[in-house]
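Accompanying notes for the structure given below.
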Amino acid sequence: MRSTYSAKGLVPGLIVRAQSGFFTVQTESGSLTCQLRGRLKQGPRLGDIAAVGDRVQVTPLTDGTGMIESIEPRARSLVRLDPRPKGVYQQIILSNPDQAVFVFACANPSPHTRMLDRFLVIAEKQGLPAIVVANKLDLVDREEAEATFGYYPALGYPVLYISAKTGEGIELLRARLTGKVSALAGPSGVGKSSLLNAIQPGLGLAVREVGEATDRGRHTTNVRQLFPLDGGGYVADTPGLRTLALWDTEPEELDGYFPEIAPLVAQCAFSDCTHSHEPDCAVRAAVEAGSVQPERYDSYLRLRAGEE
Ligand SMILES: Nc1nc2c(ncn2[C@@H]2O[C@H](COP(=O)(O)OP(=O)(O)OP(=O)(O)O)[C@@H](O)[C@H]2O)c(=O)[nH]1
Ligand SMILES: [Mg+2]
Ligand SMILES: [Zn+2]
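Numbering-wise (the working numbering), the sequence shown opens with residue 106 and increments by one.
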């Protein structure tokens with residue numbers, strides 16, 4: 106790109122879209138398509154240099170594009186570690202998220218709480234507050250939905266029971282999203298795009314037609330995008346989380362990412378207790394006493410064993 110400087114100087118902005126080396130930066134006076142200044146790309150690359158959610162300084166150019174000159178330090182980021190021949194590459198799914206929103210359906214597809222527990226471990230590991238959305242409430246009784254999701258609030262994860270179809274509970278979600286940068290994730294077909302369309306009419310996100318193959322179009326493009334909300338704040342669809350492996354989590358640290366299990370670990374007889382078979386295990390005692398949900402304990406054991 107030919108860079109002709111304008112007289113405007115540096116302008117602060119937010120990266121709201123990233124695709125193949127081009128970044129859309131939202132500034133006070135509109136959005137600019139930008140590239141990275143060459144010197145930012147020097148040196149060994151062990152991770153993404155810039156990502157959606159980054160706050161940057163941009164030089165507007167006379168041709169209406171811009172040049173990203175610097176990237177502000179990240180408060181936190183959702184990172185995916187990608188092992189490559191030259192070392193572990195840090196792929197940034199989203200910079201500076203305020204919270205994670207994990208969307209599941211009450212039915213169709215049936216709720217996959219093991220995947221939810223895996224997502225929650227990822228959020229805990231990254232220090233990200235998480236909320237759970239139980240969508241498609243119109244398809245089940247409230248009691249049935251609560252049997253699946255009812256124990257999460259006590260663990261520190263609020264659950265919003267919602268129907269994108271009837272609009273029930275949509276206001277609760279909108280209130281939670283306003284003014285924040287949220288990372289949205291969940292299995293295919295649970296209604297993520299439908300929910301975003303309901304919250305922000307005009308987004309016009311494609312909703313999967315009934316019967317359409319679930320994995321159609323997946324991984325064909327590598328676009329990451331933040332959707333602005335009218336009331337303030339942004340939502341990012343984070344498909345990368347779906348496949349986020351836990352291999353960068355050591356088995357021994359996993360118990361620390363289950364809020365109901367972590368405080369029990371010190372009471373186990375063995376300091377290296379895996380909570381699977383050892384005698385005098387406080388975690389197994391809590392499962393038997395009913396204070397740790399068997400489903401959550403099962404998720405812990407399976408994740409610890411390396412299952413997805
Ligand atoms: N009954 C019912 N159906 C819903 C609801 N929300 C979404 N759907 C339907 O569920 C299907 C999938 O919805 P999408 O919004 O495309 O789901 P998604 O999570 O974005 O799926 P991917 O983009 O594949 O990850 C569509 O047929 C929607 O019409 C709901 O609250 N109730
Ligand atoms: Mg979708
Ligand atoms: Zn134990």
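We treat Cβ as the ideally placed atom computed from N, Cα and C, and that holds for glycine.
Helix, strand or coil at residue i according to DSSP, with G and I counted as helix
{"i": "Glu276", "result": "helix"}
{"i": "Asn302", "result": "helix"}
{"i": "Gln372", "result": "helix"}
{"i": "Arg122", "result": "strand"}
{"i": "Pro117", "result": "strand"}
{"i": "Ala290", "result": "strand"}
{"i": "Ala318", "result": "At Ala318 the pLDDT is 47, less than 50, meaning the model places this residue with poor confidence and gives no usable figure here."}
{"i": "Val392", "result": "helix"}
{"i": "Gly361", "result": "helix"}
{"i": "Arg144", "result": "helix"}
C-alpha gap between residue i and residue j, whole angstroms
{"i": "Val184", "j": "Pro364", "result": "21 Å"}
{"i": "Val121", "j": "Ser396", "result": "43 Å"}
{"i": "Pro178", "j": "Phe207", "result": "26 Å"}
{"i": "Glu400", "j": "Glu273", "result": "28 Å"}
{"i": "Ala394", "j": "Glu229", "result": "25 Å"}
{"i": "Gln140", "j": "Thr129", "result": "9 Å"}
{"i": "Ala341", "j": "Leu301", "result": "10 Å"}
{"i": "Ser175", "j": "Arg329", "result": "20 Å"}
{"i": "Ile267", "j": "Val245", "result": "11 Å"}
{"i": "Ala371", "j": "Gly169", "result": "59 Å"}
{"i": "Arg409", "j": "His382", "result": "13 Å"}
{"i": "Arg150", "j": "Arg189", "result": "12 Å"}
{"i": "Tyr256", "j": "Ile366", "result": "14 Å"}
{"i": "Arg407", "j": "Thr132", "result": "45 Å"}
{"i": "Glu251", "j": "Ala205", "result": "21 Å"}
Residue interval of the beta strand (DSSP E) (run including residue i)
{"i": "Leu408", "result": "Element bounds for Leu408: not the beta strand (DSSP E) but the alpha helix (DSSP H), 399-409."}
{"i": "Glu174", "result": "171-176"}
{"i": "Thr283", "result": "Segment: none, Thr283 is in no beta strand (DSSP E) and carries neither H nor E."}
{"i": "Ile197", "result": "192-200"}
{"i": "Phe254", "result": "Element bounds for Phe254: not the beta strand (DSSP E) but the alpha helix (DSSP H), 247-254."}
{"i": "Phe224", "result": "Phe224 -> not in any beta strand (DSSP E); alpha helix (DSSP H) instead, spanning 218-230."}
{"i": "Ser182", "result": "182-189"}
{"i": "Tyr266", "result": "264-266"}
Beta-carbon proximity of residue i to residue j, cut-off 7 Å
{"i": "Gly296", "j": "Asn240", "result": "yes"}
{"i": "Ala235", "j": "Ala269", "result": "no"}
{"i": "Val161", "j": "Gly118", "result": "yes"}
{"i": "Leu199", "j": "Ala288", "result": "yes"}
{"i": "Val392", "j": "Tyr405", "result": "no"}
{"i": "Gln195", "j": "Gly261", "result": "no"}
{"i": "Met172", "j": "Arg142", "result": "yes"}
{"i": "Gly338", "j": "Thr283", "result": "yes"}
{"i": "Pro214", "j": "Gly294", "result": "yes"}
Proximity test, Cβ basis, 7 Å: residue i and chain C
{"i": "Leu408", "result": "Looking at the structure shown, chain C is missing, and only one protein chain is on hand."}
Beta bridge counterpart(s) of residue i as assigned by DSSP
{"i": "Gln162", "result": "Pro117, Ser175"}
{"i": "Gly152", "result": "Gln195"}
Terminal residues of the alpha helix (DSSP H) in which residue i lies
{"i": "Thr132", "result": "From DSSP, Thr132 is part of no alpha helix (DSSP H) but of the beta strand (DSSP E) over 127-132."}
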